[in-house]
Amino acid sequence: MPDPSHTPRATSPLDGVGSTDGVRLAVHDLGGRGPVLLVSHATGFHGRCYLPMAEVLGDRFHAVAFDYRGHGDSPRPEGRVDWQRYGDDAVAMASAMREVAGGPIVAFGHSMGGACLLIAAHRDPSLFSRLVVFEPIVFPPTGIRPPGDESPLAAGARRRRAVFPSHDAAIANYASKPPLGGFTPAALDAYVRFGFREGEDGQVHLKCLPETEAQTFETGGEHRTWDVLTEIRTPVLVIAGRVEPMQPSNIAAGVAERLPNGTYLERPELDHFAPMTHPDEIAALVAGYLS
Numbered sequence: 001m002p003d004p005s006h007t008p009r010a011t012s013p014l015d016g017v018g019s020t021d022g023v024r025l026a027v028h029d030l031g032g033r034g035p036v037l038l039v040s041h042a043t044g045f046h047g048r049c050y051l052p053m054a055e056v057l058g059d060r061f062h063a064v065a066f067d068y069r070g071h072g073d074s075p076r077p078e079g080r081v082d083w084q085r086y087g088d089d090a091v092a093m094a095s096a097m098r099e100v101a102g103g104p105i106v107a108f109g110h111s112m113g114g115a116c117l118l119i120a121a122h123r124d125p126s127l128f129s130r131l132v133v134f135e136p137i138v139f140p141p142t143g144i145r146p147p148g149d150e151s152p153l154a155a156g157a158r159r160r161r162a163v164f165p166s167h168d169a170a171i172a173n174y175a176s177k178p179p180l181g182g183f184t185p186a187a188l189d190a191y192v193r194f195g196f197r198e199g200e201d202g203q204v205h206l207k208c209l210p211e212t213e214a215q216t217f218e219t220g221g222e223h224r225t226w227d228v229l230t231e232i233r234t235p236v237l238v239i240a241g242r243v244e245p246m247q248p249s250n251i252a253a254g255v256a257e258r259l260p261n262g263t264y265l266e267r268p269e270l271d272h273f274a275p276m277t278h279p280d281e282i283a284a285l286v287a288g289y290l291s
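Oh and the sequence shown: position 264 is 264 in full-length UniProt numbering, straight run, nothing missing.
Shown next as structure tokens:
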């Protein structure tokens, strides 16, 4: 199988992948050797947050990540946040990596990233041979909160501090409180080092704007992927951490049940941020299913 890092520079997906609305997706080689493993990130994060997990998988997979529009180094186009456009990004990226691999690829998706992989698998069944998704944001028609309620996640995102004096100051702040305080040091470092840019004011600024994150949370129940799960034939492992009311973990079993080739795995010792808090354990689950 071709190695993405050895693809001619003129056509390498690592130079960026075009999506809809003129967006060029930033692509990141997370290293490793073996078949391509596409990594699809969660809301408010970016592809390189999963470096610690990719390092554990390096003997089995060549991990490649990307940033969804408005996240990390990928620009956000004008207009309203729409999860179907995030789906466009997943399709574009998976298509590019399928060309490199010479056939269907395997992929891991976390939260929003898991939902977008399922959107892509429904649109083009030839993209993936297998998927692992951790607590994907695929709500049933009734959702997980009463209609009209303000999303606490969106409210929290809008209050998120977006500027710090330095990367080290941001790391110290996040390390002192949940949920990022539970990240491994390497995962927290990756989130900050690659998730903030240096501004002309000498400070560091969050790349994913709080408003982009908030709108993504607010619109997460609008895509109707739940309705088409029964049409997705790709084998999918759906992992949930501790099942709690009104949380993505509470709907993961239902997602797996609706998938014709779905498998459900529950790990109550984990929470929604397990790829960053327990990257070794998630890597082992991914390798066990995809190998």
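Every residue, glycine too, gets a C-beta built ideally from N, C-alpha and C. Owing to the predicted nature of the structure, the values given are computational and were not obtained by experimental measurement.
Please determine if the region 20-37 and the region 57-65 are in contact, where contact requires at least 3 C-beta pairs separated by less than 8 Å. yes
Please confirm if the region 93-109 is in contact with the region 242-253, defined as three or more CB-CB distances below 8 Å between the two stretches. no
For the beta strand (DSSP E) holding residue 264, just list the boundary residues, first then last. Against the sequence shown, residue 264 aligns to sequence position 264. Note, residue 264: beta strand (DSSP E), 262-266.
Determine the closest residue to residue 186 out of 27, 48, 15, 43, with distance taken between C-alpha atoms. One-based indexing of the sequence shown puts residue 186 at position 186. It is 48.
The alpha helix (DSSP H) spanning residue 156 covers which residue range? Taking the sequence shown and counting its residues from 1, one reaches residue 156 at position 156. It spans 152-158 - the alpha helix (DSSP H) in which residue 156 sits, taken as one unbroken run.
Could you check what DSSP says for residue 123 in three-state terms: helix, strand or coil? Start at 1 with the first residue of the sequence shown, and residue 123 comes out as number 123. Helix.
When the Cα of residue 269 is compared with those of 171, 278, 232, which residue comes out closest? Sequence index remark: in the sequence shown, residue 269 carries index 269 (1-based). Residue 278 is the option with its Cα nearest to residue 269.
Segments assigned alpha helix (DSSP H), at least 4 residues, entirely inside the region 12-78: 51-56
Assess contact between the region 229-240 and the region 168-188, defined as three or more Cβ pairs (one per stretch) separated by less than 8 Å. Is contact present? no
Using CA atoms only, rank isn't needed, just tell me which of 71, 99, 198, 100 is closest to residue 86. Residue numbering aside, residue 86 sits at position 86 when the sequence shown is read from its first letter. It is 71.
How many angstroms separate the CA atom of residue 55 from the CA atom of residue 282? Locating residue 55 in the sequence shown gives position 55, where the first residue counts as 1. Locating residue 282 in the sequence shown gives position 282, where the first residue counts as 1. Distance between the alpha carbons of residue 55 and residue 282 is about 12 Å.
According to the Cβ coordinates, are residue 290 and residue 265 closer than 8 Å? Here residue 290 refers to the residue found at position 290 of the sequence shown. Here residue 265 refers to the residue found at position 265 of the sequence shown. No, the pair does not count as a contact, with Cβ atoms beyond the cut-off.
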